[in-house]
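This report concerns only the one structure given below.
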Amino acid sequence: MVRQLDIEAKKTVLSWVSHEMQEDEQKMIRNMANLPCVYKHIALMPDAHLGIGAMVGSVIATQDAIIPAAVGVDIGCGMMARKLPLKSGALDGKLHDLRLAIESKIPVGFNGNKRIEKDVENWKGWKQFHRCHEGVHKKQNKALEQMGSLGGGNHFIEMCIDQDAADPNVWIMLHSGSRHIGNTLATCHIKTAKHLAKWMEMKLPDPDLSYFIRGTEEFNAYWQDLQWAQKYAFKNREVMMARIMKIVAKYLNHGNPVDIEMSINCHHNYAELEQHDGQDLYVTRKGAVSAQQGEFGIIPGSMGTKSYIVRGKGNSKSFCSCSHGAGRTMSRNQAKKQFTVADLKKQTEGVECRKDRKVLDEIPGAYKDIDAVMEAQSDLVEVVACLKQVLCVKG
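For the sequence shown, the working numbering begins at 347 and goes up steadily by one.
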């Protein structure tokens with residue numbers, strides 16, 4: 347549940363985080379809460395942890411301004427999930443073959459597609475690409491090749507089953523964003539924002555909090571590119587999901603198309619113009635999901651725990667938002683030092699996935715308890731389904 351943090355800042359900080367904030371976390375929150383463009387308060391989701399400039403898991407509403415580094419470099423990163431009419435028994439004895447098939451069809455890490463599909467080539471977003479920042483004009487081919495690719499780190503593709511159902515359904519879930527093109531666009535605009543803040547002699551507690559003011563050429567250019575990259579990320583997830591559906595049809599339904607009972611596609615690193623308190627505000631969700639009244643969302647745990655499909659309650663204190671996952675408790679380097687491959691195998695027992703040192707930093711033990719995170723935000727969302735993964739693909 348929510349509480350107000352006492353960190354001696356100009357704006358209020360409402361927090362759903364259950365643990366006491368460390369000094370470096372408090373400093374990062376205070377820096378953000380002291381910005382003149384921030385509207386009334388900042389909301390911290392229960393999975394909040396240190397980021398660059400702003401906490402991952404923070405919801406920041408600004409008036410007539412936007413902070414590029416608060417959105418971050420993985421613009422439009424988010425989740426997609428589909429509930430299928432297939433029952434869990436359909437997966438028996440097929441998980442390993444399914445994983446290999448998914449890994450063969452969807453590039454991971456820094457890789458891209460060797461063949462460009464017509465659906466990708468004909469995406470309407472390419473007609474606006476020439477308007478994007480000149481720093482990416484030579485990267486359209488790379489953007490074409492990477493649409494329909496997963497990435498690395500905490501990005502994943504999973505097959506799950508509905509844990510609480512008597513006769514559980516199969517779900518497909520994936521996590522990815524705008525890939526290299528979104529990263530490059532964000533980097534270009536963050537650099538511009540820092541130069542502009544220095545030229546304007548803005549008194550900022552952190553250069554990563556440099557912001558653009560509405561109505562300026564720089565603001566308009568960033569906002570346009572931000573929306574483009576968010577659409578790219580949304581389409582990227584759709585392309586991957588379409589390929590997975592074909593694999594599911596082949597291995598689980600005798601080659602016949604599989605119906606879809608529910609489909610959700612949502613961002614959790616992005617910004618939108620929304621109305622709150624009767625005001626037009628730029629709401630940045632840096633590792634947070636929109637949870638408007640009745641809106642469906644996805645909150646994943648880790649590669650060895652559970653994930654949740656939720657419905658928003660429209661809580662105005664969080665700017666109608668909820669957490670985007672469990673949130674890390676330790677850095678990737680810390681996880682590699684503290685855990686072994688044997689630990690990884692034990693913590694992902696029963697899950698068809700890679701169990702090698704290259705994915706050790708994604709071990710479940712490096713993440714918060716997803717059940718505790720969910721309990722902390724019961725006033726933000728209601729649970730629709732609790733999912734347990736049985737297959738996980740990582741970059």
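From the three backbone atoms N, C-alpha and C, an ideal C-beta is built for every residue, glycine too.
Proximal residues to residue i (C-beta, below 7 angstroms), its chain only, five neighbours per side dropped
| i | result |
| --- | --- |
| residue 554 | 398, 399, 415 |
| residue 640 | 657, 658 |
| residue 568 | 412, 414, 535, 558 |
| residue 728 | 656, 657, 659 |
| residue 620 | 627, 629 |
| residue 574 | 471, 474, 478 |
| residue 693 | 650, 709, 710, 711 |
| residue 486 | 475 |
| residue 356 | 379, 380 |
| residue 603 | 595 |
| residue 370 | 396 |
| residue 466 | 490, 493, 494, 585 |
| residue 552 | 377, 399 |
Burial state of residue i, where buried means 16 or more other Cβ atoms lie within 10 Å
| i | result |
| --- | --- |
| residue 684 | exposed |
| residue 424 | buried |
| residue 456 | exposed |
| residue 347 | exposed |
| residue 698 | buried |
| residue 673 | buried |
| residue 512 | exposed |
| residue 677 | exposed |
| residue 720 | buried |
| residue 545 | exposed |
| residue 566 | exposed |
For residue i, the first and last residue of its enclosing beta strand (DSSP E)
| i | result |
| --- | --- |
| residue 660 | Note, residue 660: premise wrong, no beta strand (DSSP E); not H, not E. |
| residue 389 | 384-395 |
| residue 636 | 634-636 |
| residue 428 | 424-433 |
| residue 521 | 515-522 |
| residue 407 | 402-408 |
| residue 416 | From DSSP, residue 416 is part of no beta strand (DSSP E) but of the alpha helix (DSSP H) over 414-417. |
| residue 739 | 727-740 |
| residue 466 | No beta strand (DSSP E) holds residue 466; the alpha helix (DSSP H) holding it covers 464-467. |
| residue 359 | 358-361 |
| residue 667 | 667-669 |
Anticipated Cβ contact below 8 angstroms, residue i with residue j, distance rounded
| i | j | result |
| --- | --- | --- |
| residue 497 | residue 741 | 6 angstroms |
| residue 668 | residue 634 | 7 angstroms |
| residue 364 | residue 718 | 7 angstroms |
| residue 653 | residue 723 | Not a contact, Cβ separation roughly 14 angstroms. |
| residue 421 | residue 681 | The Cβ separation is near 26 angstroms, so there is no contact. |
| residue 479 | residue 571 | 6 angstroms |
| residue 542 | residue 524 | Wrong, their Cβ atoms sit about 23 angstroms apart, outside the cutoff. |
| residue 631 | residue 517 | Incorrect: roughly 23 angstroms between the Cβ atoms, too far for contact. |
| residue 643 | residue 586 | Going by Cβ atoms, the distance from residue 643 to residue 586 rounds to 19 angstroms, so no, they are not a contact pair. |
| residue 402 | residue 395 | 5 angstroms |
| residue 581 | residue 469 | 6 angstroms |
| residue 430 | residue 607 | 7 angstroms |
| residue 670 | residue 438 | So it is not a contact: roughly 32 angstroms between Cβ atoms. |
| residue 504 | residue 737 | 6 angstroms |
Simplified DSSP assignment, three categories, for residue i
| i | result |
| --- | --- |
| residue 710 | helix |
| residue 557 | coil |
| residue 502 | strand |
| residue 674 | strand |
| residue 617 | strand |
| residue 474 | helix |
| residue 593 | helix |
| residue 564 | helix |
| residue 483 | helix |
| residue 604 | coil |
| residue 629 | strand |
| residue 509 | coil |
| residue 701 | coil |
Residue range of the unbroken alpha helix (DSSP H) whose run includes residue i
| i | result |
| --- | --- |
| residue 534 | 525-545 |
| residue 718 | 716-722 |
| residue 644 | Not the alpha helix (DSSP H): residue 644 falls in the beta strand (DSSP E), residues 642-645. |
| residue 441 | 441-451 |
| residue 373 | 369-379 |
| residue 693 | 687-693 |
Contacts around residue i, its chain only, beta-carbon distance under 8 angstroms, and the 5 residues preceding and following it disregarded
| i | result |
| --- | --- |
| residue 625 | 385, 409 |
| residue 593 | 444, 447, 448, 451 |
| residue 514 | 433, 434, 507, 508 |
| residue 360 | 348, 349, 350, 351, 387, 388, 389, 390, 663, 664 |
Contact set for residue i: own chain, Cβ-Cβ below 6 angstroms, skip 5 residues either direction
| i | result |
| --- | --- |
| residue 489 | 527 |
| residue 426 | 520, 583, 587, 611 |
| residue 436 | 598 |
| residue 532 | 419, 421 |
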